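A.B. asks:
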Amino acid sequence: MSCAAIVYFTDKGAQLGGMLAEKLDCTAQKPPKGELASLVGKLFHEADALIFIGACGIAVRAIAPLIVSKTSDPAVIVLDEQGKHVISLLSGHIGGANDLARCIAGFTGGEAVITTATDVNGRFSVDAWAVRHSCVIDSMENAKEYAASILKRDLPLVSDFEICGELPGGVFAGSEGACGAVISVRTDAFPFDTTLRLIPQILHVGVGCKRGTPKEKIDAAIERTLSENRIDGRAVKAIASINVKKDEEGILAYCHEKQLPVSFFTADELNAVKGGFSHSDYVFKTVGTGNVCDRAAVRSAGEDAQLLVSKMILDGVTVGVAQEKWSVSFE
């Protein structure tokens, strides 16, 4: 758990909280008298998961004024001070409360109490799967329809990527129907009447530019490259370039605005990337490699990466897009 917080109320709760805090690498604390609401309000907005050791009613009353949306609320867990019953109270799927409840129950030897309908009925929990596998859910409205429909009948799923292992409960391989899911980075993947698109964040964009190129030009070049190749921008995981651009303000500003990590590689590192790439003598003489954007994209995407879009030149900015080696698993 990347950021969890534990709240307890009794001495027994303190003992259990201390054990869980060590296991989950987080904090455990007892609210000062009369300050439960303020403490929970602070933790609710700061933590990815909020774990109460105590009565369920206390937790419900404490979080009720704070609940906004299943897409933004943290996971909330409630367990008794003996750890017998570990209840997934809020954000079971997207927030990860169901998985966390199972994890905590494993630590305490108790029982995870899961009430979400898809889990209880052994059906595919699409939103929980998407979070675990770093996939963006294109439409929460379609996700709700998908979740409601899969409780009534099996639904089709199609993937642009290899599926390893068996499909989950309630899902069959298919590319047509009233409602279904598609796993793809493409913007034109709508095979069903109601298509739930799951967009894996596995793309790396390589960028080359002239010194002093503003953020706006870099943004426009990347957006146009993605648009013309029917690639969803939400699939982009990282930006990459050559190390002589590590202080390029336009690239850094773009990455900061989009909240994307950026890597800068040496010319030798880029030249070592295997594959066939276009070559510019001018660029080679200038920075030591004949192609920055494509090589940087592939280098960033890792071993066995695939170059999806080779060097596009747009208003002085070069852009290449590479895809990580990735497959689908429902285990």
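For the sequence shown, the working numbering puts the final residue at 1753, and the numbers step up evenly by one.
Note that CB positions come from ideal geometry on N, CA and C, so glycine has one too.
All figures in this text were calculated on a predicted structure; none of them were measured in a lab.
#1: Do you know whose CA, among Val1553, Phe1546, Ala1595 and His1555, lies nearest lysine 1574's CA?
#2: From the DSSP secondary-structure annotation, give me the bridge partner or partners of methionine 1734.
#3: How should asparagine 1543 be labelled, buried or exposed, when 16 other C-beta atoms within 10 angstroms of its C-beta is the threshold for buried?
#4: Rounded to whole angstroms, what is the Cα-Cα separation between leucine 1682 and arginine 1656?
#5: Touching or not, the segment 1435–1442 and the segment 1519–1532, by the rule of three or more beta carbon pairs under 8 Å?
#6: What residues match up with valine 1629 in a beta bridge as DSSP calls it?
#7: Terminal residues of the continuous beta strand (DSSP E) containing arginine 1619?
#8: Tell me the rounded alpha-carbon separation between valine 1739 and alanine 1718.
#9: At what residues does the alpha helix (DSSP H) containing cysteine 1715 begin and finish?
#10: Nearest-angstrom Cα distance between aspartate 1521 and glycine 1514?
#11: Just to confirm the assignment, what range does the beta strand (DSSP E) spanning threonine 1449 have?
#12: Alanine 1744 and histidine 1626 look like a contact to me (Cβ under 8 Å); what is the Cβ gap, rounded to whole Å?
#13: Say whether the segment 1712–1731 touches the segment 1646–1663, bearing in mind that this needs 3 or more beta-carbon pairs closer than 8 Å, one atom from each stretch.
#14: Ordered along the chain, which non-local residues of its own chain (more than five positions away) have a Cβ less than 7 Å from that of serine 1751?
#15: Using C-beta distances below 8 Å, list every residue in its chain close to isoleucine 1596, excluding the 5 sequence neighbours before and after it, in chain order.
#16: Counting along the chain, where does the beta strand (DSSP E) carrying valine 1490 start and finish?
C.D. replies: Considering the structure as presented:
#1: The residue you call residue 1574 lines up with position 152 of the sequence shown. Measuring from the Cα of lysine 1574, the nearest candidate turns out to be Phe1546.
#2: Here residue 1734 is taken as the residue at index 312 of the sequence shown, counted from 1. Methionine 1734 is bridged to Val1741.
#3: In the sequence shown, counting from the first residue as 1, residue 1543 sits at position 121. Per the 10 Å Cβ criterion, exposed.
#4: Reading the sequence shown from its first residue, position 260 is the one you call residue 1682. Reading the sequence shown from its first residue, position 234 is the one you call residue 1656. Between leucine 1682 and arginine 1656, the C-alpha separation is close to 11 Å.
#5: yes
#6: Mapped onto the sequence shown, residue 1629 falls at position 207. For valine 1629, which the question treats as bridged, DSSP gives the partners Val1741.
#7: Numbered from 1 along the sequence shown, position 197 holds the residue referred to as residue 1619. Note, arginine 1619: beta strand (DSSP E), 1616–1622.
#8: Here residue 1739 refers to the residue found at position 317 of the sequence shown. Here residue 1718 refers to the residue found at position 296 of the sequence shown. Computed Cα separation, rounded: 14 Å.
#9: Translated into the one-based positions of the sequence shown, residue 1715 becomes position 293. Residues 1715–1723.
#10: Within the sequence shown, residue 1521 is the residue found at index 99, counting from 1. Within the sequence shown, residue 1514 is the residue found at index 92, counting from 1. Spanning the two alpha carbons is a distance of roughly 8 Å.
#11: In the sequence shown, the residue the question calls residue 1449 occupies position 27. For threonine 1449, the enclosing beta strand (DSSP E) begins and ends at 1449–1451.
#12: Your numbering for residue 1744 matches position 322 in the sequence shown. Your numbering for residue 1626 matches position 204 in the sequence shown. That belief holds up - the Cβ atoms of alanine 1744 and histidine 1626 are roughly 5 Å apart, short of 8 Å.
#13: yes
#14: Locating residue 1751 in the sequence shown gives position 329, counting from the first residue. The residues are Cys1586 and Gly1587.
#15: Here residue 1596 refers to the residue found at position 174 when the sequence shown is read from its first residue. Note that residue 1596 corresponds to glycine in the displayed sequence, not to isoleucine. Once the five neighbours on either side are set aside, the close Cβ partners of glycine 1596 are Pro1578, Leu1579, Val1580 and Gly1602.
#16: Within the sequence shown, the letter at position 68 stands for residue 1490. No beta strand (DSSP E) contains valine 1490, which DSSP labels as neither H nor E.
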